[in-house]
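> Residue numbers (the UniProt record's numbering), protein chains in the order written: chain E, 1 to 303; chain Z, 1 to 193.
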């Protein structure tokens with residue numbers, strides 16, 4: 001007999017499959033109009049997408065660290081963080097990521113870097129002050145799970161269509177409605193079909209992007225808790241961080257905004273911390289409930 | 001490392017350990033002694049994650065079996081401890097040079113975890129080595145990657161890179177060895193060193 005908790009797990013996996021298929025369809029819709037103009041235009045569109053994505057893969061990790069004002073720390077400076085990360089590497093077989101600390105009171109953490117050898121895990125000083133070792137480990141395990149699942153890449157690819165849509169809409173509306181010369185307005189008119197496409201696809205892309213983000217959070221929660229074997233610490237850390245965020249003054253929350261503003265920067269804010277990003281993350285109650293399911297699995301000795 | 005499918009589906013899982021490679025230590029120790037003068041110190045330890053659960057849960061069952069197992073071994077003493085990271089350690093003590101008994105103990109401990117379904121929560125098994133001049137060395141076996149690496153704390157703090165290199169040269173060919181130095185994770189407070 002298969003207990004109910006396993007079937008629910010399968011539910012998550014099949015929803016991940018569904019969103020991945022939808023994402024592929026979305027990319028198809030993005031380039032199809034260009035192919036209808038001519039094959040050359042179509043190939044040019046594919047190449048442009050590839051170049052833009054590659055640029056993001058390459059530079060985004062540093063942009064994320066810069067946006068959060070984070071500093072890479074050595075093992076001598078932060079032996080505890082490095083020790084915890086190294087043991088998680090032992091358990092997971094993942095290469096050791098760089099470790100960074102952001103000097104912010106808001107408890108938060110994120111992983112960035114698309115390539116395995118450029119990966120970085122960052123925690124804020126506020127997080128370190130508030131969590132005990134087991135809870136800190138659970139947060140790091142969650143971020144390592146994002147790295148294991150290559151969620152930085154997933155987030156970049158998932159966020160890209162929405163990013164393009166937003167870019168096209170703002171650029172063309174700027175050309176049309178701005179103070180510019182006639183030539184600029186003419187260019188705006190020529191580009192109108194692209195706006196139509198963007199307006200059509202933008203909301204769809206954004207919804208899909210958010211759905212993927214929420215699923216990947218649940219996946220990372222599960223993998224992280226299975227990695228440490230201590231889902232109770234994960235729940236405790238989540239609950240603590242959220243309580244802290246709700247009581248934090250708005251001015252402090254604003255410190256985290258740069259990260260949020262960089263729409264396609266593939267920084268995975270574990271934004272359980274960030275009120276602005278709430279829609280990218282499932283509600284805490286859902287996450288804690290799912291962690292309880294992991295507890296039950298561990299208690300029964302089955303994996 | 002998770003497979004491509006598991007990456008896409010976001011369900012990387014803790015990997016199952018490779019337990020038998022640890023028996024390779026016995027012939028390798030002879031080569032180590034010949035080349036560097038290090039002999040087995042008779043100490044060995046296993047580091048594991050302490051999994052959540054109550055006294056009647058599966059993990060508690062594994063720990064009970066472990067205690068029974070180690071207690072019935074004549075002449076051996078085992079010690080349990082928890083380190084600063086919340087990981088558990090089992091330390092086994094034998095007379096100097098009794099490497100085979102140390103390795104058997106380590107394997108028995110590992111097998112107990114594995115049979116209980118907690119193999120992925122084994123972090124590493126350490127075997128201690130010592131030299132008459134007081135120097136210490138450990139060969140660390142990481143279960144998930146199935147490889148060994150040397151760890152030698154230097155007398156004045158830090159690691160003794162030269163000694164670790166010598167040890168690698170001596171046994172690197174006989175054992176599945178970790179070639180990536182970035183994965184030679186230090187274990188400063190390991191009880192078997």
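Don't be surprised by glycine CBs; every beta carbon is placed ideally from N, CA and C.
In this text the structure is predicted, and so the values were computed from the model without any measurement.
What is the rounded straight-line gap between the Cα of residue 78 (chain E) and the Cα of residue 181 (chain E)?
One-based indexing of the first chain puts residue 78 (chain E) at position 78. One-based indexing of the first chain puts residue 181 (chain E) at position 181. About 57 Å.
> Taking C-beta pairs closer than 7 Å, name the residues in chain Z that residue 123 (chain E) reaches, listed in chain order.
Counted from its first residue, the first chain places residue 123 (chain E) at position 123. The contacting residues do not exist; residue 123 (chain E) stays about 15 Å from chain Z at best.
> Output yes if chain Z places a C-beta closer than 8 Å to the C-beta of residue 86 (chain E); else output no.
Residue mapping note: residue 86 (chain E) aligns to position 86 of the first chain, counting from 1. Yes, because at least one Cβ of chain Z sits closer than 8 Å to the Cβ of residue 86 (chain E).
> State the CB to CB distance for the pair residue 7 (chain Z) and residue 149 (chain E), rounded to an integer number of angstroms; the pair is presumed to be in contact (CB under 8 Å).
In the second chain, the residue the question calls residue 7 (chain Z) occupies position 7. In the first chain, the residue the question calls residue 149 (chain E) occupies position 149. Yes, residue 7 (chain Z) and residue 149 (chain E) are in contact; Cβ-Cβ is about 6 Å, under 8 Å.
> From residue 289 (chain E) to residue 9 (chain Z), what does the alpha carbon distance come to, in whole angstroms?
Position 289 of the first chain, counted from the start, is the residue given in the question as residue 289 (chain E). Position 9 of the second chain, counted from the start, is the residue given in the question as residue 9 (chain Z). Cα to Cα, residue 289 (chain E) sits roughly 21 Å from residue 9 (chain Z).
> Three or more C-beta pairs closer than 8 Å, one from the stretch 50-69 of chain Z and one from the stretch 147-159 of chain Z: is that the case here?
They do not touch, by the three-pair rule.
> Residues of chain Z with CB closer than 9 Å to the CB of residue 16 (chain E), please, in chain order.
The residue labelled residue 16 (chain E) in the question sits at position 16 within the first chain. Result: 8, 9, 10 and 11.
> Name the residues in the stretch 118-131 of chain Z whose C-beta lies less than 8 Å from a C-beta of chain E; which are they?
Here the close residues are 118, 120, 121, 123 and 124.
> Less than 8 Å between CB atoms is the rule here; does residue 173 (chain Z) satisfy it with respect to chain E?
What you label residue 173 (chain Z) is simply residue 173 of the second chain in a count that begins at 1. Cβ-Cβ to chain E under 8 Å: no for residue 173 (chain Z).
> Would you decide whether residue 161 (chain E) is buried or exposed? Buried here means 16 or more other CB atoms lie within 10 Å of its CB.
Taking the first residue of the first chain as position 1, residue 161 (chain E) is located at position 161. The residue in question, residue 161 (chain E), is buried, as its Cβ has 16 or more Cβ neighbours within 10 Å.
> Restricting to runs no shorter than 4 residues, where is the alpha helix (DSSP H) found entirely within the stretch 26-73 of chain E?
Complete alpha helix (DSSP H) runs here, min 4: 39-67.
> Can you find a C-beta in chain Z that's less than 8 Å from the C-beta of residue 135 (chain E)?
Residue numbering aside, residue 135 (chain E) sits at position 135 when the first chain is read from its first letter. It does not; no Cβ of chain Z falls within 8 Å.
> For residue 32 (chain Z), report the span of its alpha helix (DSSP H) as first-last.
By one-based count along the second chain, residue 32 (chain Z) stands at place 32. Taken as a continuous stretch (DSSP letters only), the alpha helix (DSSP H) holding residue 32 (chain Z) covers 25-36.
> Looking only at DSSP bridge pairs, what is residue 79 (chain Z) linked to?
Taking the first residue of the second chain as 1, we reach residue 79 (chain Z) at position 79. DSSP output for residue 79 (chain Z) lists Z:91 as bridge partner(s).
> Tell me the DSSP secondary structure of residue 13 (chain Z) in three-state form.
Position 13 of the second chain holds residue 13 (chain Z). Reduced to three states, the DSSP call for residue 13 (chain Z) is coil.
> Tell me the rounded alpha-carbon separation between residue 82 (chain E) and residue 28 (chain E).
In the first chain, counting from the first residue as 1, residue 82 (chain E) sits at position 82. In the first chain, counting from the first residue as 1, residue 28 (chain E) sits at position 28. Taking the straight line joining both Cα atoms gives about 42 Å.
> Helix, strand or coil, according to DSSP, for residue 155 (chain Z) in the structure here?
Sequence index remark: in the second chain, residue 155 (chain Z) carries index 155 (1-based). DSSP places residue 155 (chain Z) in coil when its eight states are reduced to three.
> Is it buried or exposed, residue 273 (chain E), if we count other Cβ atoms within 10 angstroms and call 16 or more buried?
Working through the first chain from its first residue, we reach residue 273 (chain E) at position 273. Note that residue 273 (chain E) scores 39 on pLDDT, short of 50, meaning its location in the model is unreliable; the coordinates nonetheless yield the value given after this. Result: buried.
> Once DSSP output is grouped into helix, strand and coil, what is the label at residue 87 (chain E)?
Here residue 87 (chain E) refers to the residue found at position 87 of the first chain. Of the three classes helix, strand and coil, the one that applies to residue 87 (chain E) here is helix, per DSSP.
> If you draw a straight line from the C-alpha of residue 224 (chain E) to the C-alpha of residue 130 (chain E), how long is it?
Walking along the first chain from the start, residue 224 (chain E) turns up at place 224. Walking along the first chain from the start, residue 130 (chain E) turns up at place 130. Using only the alpha carbons, I get a separation of about 20 Å.
> Determine, for residue 228 (chain E), whether the minimum Cβ-Cβ distance to residues of chain Z falls below 8 Å.
Translated into positions along the first chain, residue 228 (chain E) becomes position 228. It does; some Cβ of chain Z falls within 8 Å.
> So, using beta-carbon positions, are residue 129 (chain Z) and residue 32 (chain Z) closer together than 8 Å?
Your numbering for residue 129 (chain Z) matches position 129 in the second chain. Your numbering for residue 32 (chain Z) matches position 32 in the second chain. Yes. Within cutoff.
> Between residue 243 (chain E) and the rest of its own chain, which residues show a CB-CB distance below 8 Å, the 5 nearest in sequence each way excluded?
Residue 243 (chain E) sits at position 243 when you count from the first residue of the first chain. Nothing listed; no residue qualifies.
> Report the residue from E:173, E:210 and E:183 whose alpha carbon sits nearest the alpha carbon of residue 192 (chain E).
Reading the first chain from its first residue, position 192 is the one you call residue 192 (chain E). When only C-alpha atoms are compared, the closest one is E:173.
> Pull the bridge partners of residue 127 (chain Z) from the DSSP assignment, please.
As a first step, residue 127 (chain Z) must be located in the second chain, where it is residue number 127. Per DSSP, Z:44 and Z:139.
> Considering only C-alpha positions, which residue in the set E:76, E:40, E:144 and E:201 is nearest to residue 114 (chain E)?
Position 114 of the first chain, counting from 1, holds the residue named residue 114 (chain E). Per the Cα distances, E:144.
> Can you find a C-beta in chain Z that's less than 8 Å from the C-beta of residue 177 (chain E)?
Reading the first chain from its first residue, position 177 is the one you call residue 177 (chain E). With 8 Å as the cut-off, residue 177 (chain E) does not count as an interface residue toward chain Z.
> Going along the chain, which residues of its own chain have a beta-carbon closer than 7 Å to the beta-carbon of residue 147 (chain E), five neighbours each way excluded?
Looking up residue 147 (chain E) in the first chain gives position 147. For residue 147 (chain E), where only same-chain residues beyond five positions count, the Cβ hits under 7 Å are 94, 97, 111 and 119.
> Would you give the residue range spanned by the alpha helix (DSSP H) that residue 222 (chain E) belongs to?
Translated into the one-based positions of the first chain, residue 222 (chain E) becomes position 222. 192-228 is the extent of the alpha helix (DSSP H) around residue 222 (chain E).
> Whose Cβ in chain E lies nearer than 7 Å to the Cβ of residue 150 (chain Z)?
As a position in the second chain, residue 150 (chain Z) is number 150, starting the count at 1. Neighbours of residue 150 (chain Z) on chain E: none; closest Cβ ~15 Å, over 7 Å.
> Alpha carbon to alpha carbon, what distance is there between residue 32 (chain E) and residue 184 (chain Z)?
Along the second chain, one-based indexing puts residue 184 (chain Z) at 184. Along the first chain, one-based indexing puts residue 32 (chain E) at 32. Rounded to the nearest angstrom, the two C-alpha atoms are 50 Å apart.
> Go to residue 164 (chain E), then tell me how far its alpha helix (DSSP H) extends in each direction, as first and last residue.
Position 164 of the first chain, counting from 1, holds the residue named residue 164 (chain E). Per DSSP, residue 164 (chain E) belongs to the alpha helix (DSSP H) from 151-177.
> List the residues of chain Z whose Cβ lies closer than 7 Å to the Cβ of residue 295 (chain E), in chain order.
Stepping through the first chain from its first residue, residue 295 (chain E) is reached at position 295. Those within 7 Å of residue 295 (chain E) in chain Z are 52.
> Using 8 Å as the limit for Cβ to Cβ distance, is residue 21 (chain Z) near chain E?
Here residue 21 (chain Z) is taken as the residue at index 21 of the second chain, counted from 1. For residue 21 (chain Z), the answer is no, since every Cβ of chain E falls outside 8 Å of its Cβ.
> Could you give the distance in angstroms between the alpha-carbon of residue 76 (chain E) and the alpha-carbon of residue 99 (chain E)?
Within the first chain, residue 76 (chain E) is the residue found at index 76, counting from 1. Within the first chain, residue 99 (chain E) is the residue found at index 99, counting from 1. Those two C-alpha atoms are separated by around 12 Å.
> Taking only beta carbons into account, state which residues of the stretch 203-220 of chain E come closer than 9 Å to chain Z, listed in chain order.
Here the close residues are 215, 216, 218, 219 and 220.
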